[in-house]
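Q: If you scroll down you'll find the structure; I have some questions about it.
In this note's numbering, the protein residues as written are 1 to 257.
Written out as structure tokens, the structure reads:
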């Protein structure tokens with residue numbers, strides 16, 4: 001698949017601190033965030049370690065730090081992506097992929113809606129305290145909201161009260177890194193395959209267990225069995241249960257399998 005030459009990266013927080021240095025070596029970047037760095041961000045967002053960043057817009061400040069470390073253009077947009085009006089910004093022209101590094105489902109849905117409008121792919125990266133994952137959205141082909149439970153429709157910062165923002169689950173820089181890695185995994189898959197049906201649509205890294213990933217679901221697995229085939233399979237299973245049962249045991253073969 002054709003690698004994107006220009007990517008809109010939504011969110012300039014913990015995940016993007018890991019993502020931007022990688023993505024900006026591959027493509028031009030439009031970095032979008034309406035939030036500001038605060039001292040409490042310093043535990044997982046390195047720009048907040050600089051006192052000069054406190055109160056500064058995240059997209060603008062992170063762009064300033066990274067701009068001298070790449071050969072590609074990084075353009076900040078110091079606003080939230082609140083809807084399809086974002087496509088009217090001159091900076092957004094020519095975007096071929098959107099990557100969401102956000103922590104709420106309202107923003108993720110907006111990202112998918114904008115990607116659908118522009119007919120371009122989107123990657124949604126996110127994390128919990130000990131795990132990170134990423135999902136691929138392909139307009140008209142694959143919508144992760146139809147295949148995964150993202151939980152409640154959590155609000156975007158522009159819709160939240162200050163209390164609601166404080167109630168978010170604690171995050172760690174390690175989990176942010178896992179989420180960024182999952183997004184890069186999907187991007188590499190997109191770059192490598194020649195047919196969308198082979199692309200990785202889900203990538204997960206969990207510090208408590210293991211890694212998982214999945215490709216595009218095969219529509220054939222949803223085909224309903226015709227009754228004759230279904231009965232044949234049940235008879236086969238019953239016969240094999242009889243043979244496998246220890247001598248003297250009681251095997252109930254009357255129940256449907």
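Glycine included, C-beta positions come from ideal geometry on N, C-alpha and C.
Thinking C-beta only, is residue 119 closer than 9 Å to residue 140?
A: Yes, they are a contact pair.
Q: I believe residue 34 touches residue 101 by the beta-carbon criterion, under 8 Å. Please report the beta-carbon distance rounded to the nearest angstrom.
A: About 14 Å; that fails the 8 Å criterion.
Q: Would you report the Cα separation of residue 149 and residue 171, rounded to the nearest angstrom?
A: Between residue 149 and residue 171, the C-alpha separation is close to 20 Å.
Q: At which residue ranges does the stretch 130–196 contain complete beta strand (DSSP E) runs of 3 or more residues, listed in the order of the chain?
A: DSSP runs (the beta strand (DSSP E)) wholly in the stretch 130–196: 131–137.
Q: In angstroms, rounded to a whole number, what distance separates the CA positions of residue 45 and residue 185?
A: Rounded to whole angstroms, residue 45 to residue 185 spans 22 Å at the Cα level.
Q: Classify residue 85 as buried or exposed, calling it buried when 16 or more other Cβ atoms lie within 10 Å of its own Cβ.
A: Residue 85 comes out exposed.
Q: Could you tell me which residues DSSP puts in a beta bridge with residue 77?
A: Answer is 32.
Q: Residue 224 by DSSP, collapsed to three states: which one?
A: Annotation note: pLDDT 41 at residue 224 (below 50); position unreliable, no value reported.
Q: According to DSSP, which residues form a beta bridge with residue 108?
A: For residue 108, which the question treats as bridged, DSSP gives no partner whatsoever.
Q: DSSP three-state call for residue 54: helix, strand or coil?
A: Strand at residue 54.
Q: Identify whether residue 263 lies in helix, strand or coil by the three-state DSSP scheme.
A: Lying before the first or after the last residue shown, residue 263 is absent from the chain, which here runs from 1 to 257.
Q: Counting C-beta neighbours from all protein chains within 10 Å, is the total for residue 107 16 or more, i.e. buried, or is it exposed?
A: Burial call: buried.
Q: Quick one: is residue 25 buried, meaning 16 or more other Cβ sit within 10 Å of its Cβ, or exposed?
A: Counting Cβ neighbours within 10 Å, residue 25 comes out exposed, since fewer than 16 surround it.
Q: If you draw a straight line from the alpha carbon of residue 81 to that of residue 157, how long is it in whole angstroms?
A: Cα-Cα distance, rounded: 10 Å.
Q: Beta carbon of residue 136, beta carbon of residue 202: below 9 Å?
A: Taking 9 Å as the Cβ cut-off, residue 136 and residue 202 qualify as a contacting pair.
Q: Considering only residues of the same chain and omitting the five flanking positions on each side of residue 18, which have a CB-CB separation below 7 Å?
A: Excluding sequence neighbours, residue 18 sits near 176, 177 and 180.
Q: Using a threshold of 9 Å, state whether the C-beta atoms of residue 58 and residue 28 are closer than that.
A: No; because the gap between Cβ atoms is not below 9 Å, this pair is not in contact.
Q: Return the first residue and the last residue of the beta strand (DSSP E) that residue 120 is part of.
A: No beta strand (DSSP E) holds residue 120; DSSP gives it neither H nor E.
Q: Express the C-alpha separation of residue 62 and residue 38 in angstroms, rounding to a whole number.
A: Going by the C-alpha atoms only, they are around 13 Å apart.
Q: Taking residue 209 as the reference, give the member of 4, 131 and 79 with the closest Cα.
A: Closest by alpha carbon: 131.
Q: According to DSSP, what are the bridge partners of residue 97?
A: According to DSSP, residue 97 bridges with 7.
Q: Determine the closest residue to residue 69 out of 211, 20, 91 and 77, with distance taken between C-alpha atoms.
A: It is 20 whose Cα lies nearest to the Cα of residue 69.
Q: Can you tell me where the beta strand (DSSP E) with residue 211 in it begins and where it stops?
A: From DSSP, the beta strand (DSSP E) with residue 211 extends over 211–215.
Q: Please state whether DSSP places residue 113 in a helix, a strand or coil.
A: Three-state DSSP puts residue 113 in a helix.
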